[in-house]
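Chains as they are written, first to last, in my numbering: chain A, 1 to 118; chain B, 1001 to 1108.
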């Protein structure tokens, strides 16, 4: 059974703090993703990675960075947290698609981290 | 036009009812389509993939209409446990784009 874990369920940080969100998957998946979910907007892709040390920007990368030093771990970093980054953050992983990287297989999500920036 | 659009609902239906959701997408080149289910305060989970010929999984039927660029999900004989948010998901090149979701509430 695929398991994706996230370091915290709830996090409260102050404006300007550096924030690290960790995600670990145990199924040897090549692809990993970070999304944020806000009411009425759905899930929006922040960054994704299809291999160790590889990263690609998603739709809303501004204010975020990522790190993937090991295959099972994908970290999201908020360099200087702001109140508009208050959100639910979801990590996901998947196998690569048939075209060798295209993301067409099921994504498995972690339980999410609800981040509040005050 | 949004990449993936869904009616947010909520759809309030009695147990046993049949309910259908539609979803439209803007990229005519998309090849893969999915429905995910998200329970309250939980993570999304894959409900079913959507194939060109349409597919059925028990009480759930998914249809794809490429000409009109929409996907549908039909739920027959609704159960209380079907209450959730249903996310329409469309592949756009190297990423999946999620709709904002349709809320379903099944009441006894």
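Backbone N, C-alpha and C fix where the C-beta goes; we use that ideal spot for every residue, glycine too.
No experiment lies behind these values; they were computed from the predicted model shown.
Each residue's CA atom was taken as its position, placing residue 4 (chain A) and residue 1055 (chain B) some 28 Å apart.
Within the segment 1049 to 1070 of chain B, no residue has its Cβ closer than 7 Å to any Cβ of chain A. Neighbours of residue 1017 (chain B) in chain A, taken as residues whose beta carbon is under 8 Å from its own, are absent, since the nearest beta carbon is some 25 Å off.
By the neighbour-count definition (other C-beta atoms within 10 Å, threshold 16), residue 81 (chain A) is a buried residue. Residue 1057 (chain B) carries a strand assignment under DSSP once its states are collapsed to helix, strand and coil. Within its own chain, the residues whose Cβ lies closer than 6 Å to the Cβ of residue 1005 (chain B), once the five positions on either side in sequence are excluded, are 1024, listed in chain order.
For the 7 Å CB-CB criterion, residue 25 (chain A) and residue 69 (chain A) do not form a contact. Inside the segment 30 to 63 of chain A, DSSP marks whole beta strand (DSSP E) runs of 3 or more residues at positions 31 to 38 and 42 to 49, from first to last along the chain. Counting only residues of its own chain and dropping the five nearest sequence neighbours on each side, residue 61 (chain A) has a CB closer than 8 Å to the CB of 46 and 47. Remark: three or more beta-carbon pairs, one from each stretch, lie closer than 8 Å, so the segment 1072 to 1088 of chain B and the segment 1023 to 1041 of chain B are flagged as touching. The segment 1011 to 1026 of chain B makes no contact with the segment 110 to 118 of chain A, as fewer than three CB pairs between them are under 8 Å. Residue-level contact by beta carbon holds for residue 111 (chain A) and chain B, with a gap shorter than 7 Å. Relative to the Cα of residue 85 (chain A), the nearest Cα in the group A:74, A:92, A:15 and A:32 belongs to A:15. For the set B:1063, B:1100 and B:1095, the Cα lying nearest the Cα of residue 1020 (chain B) is the one of B:1063.
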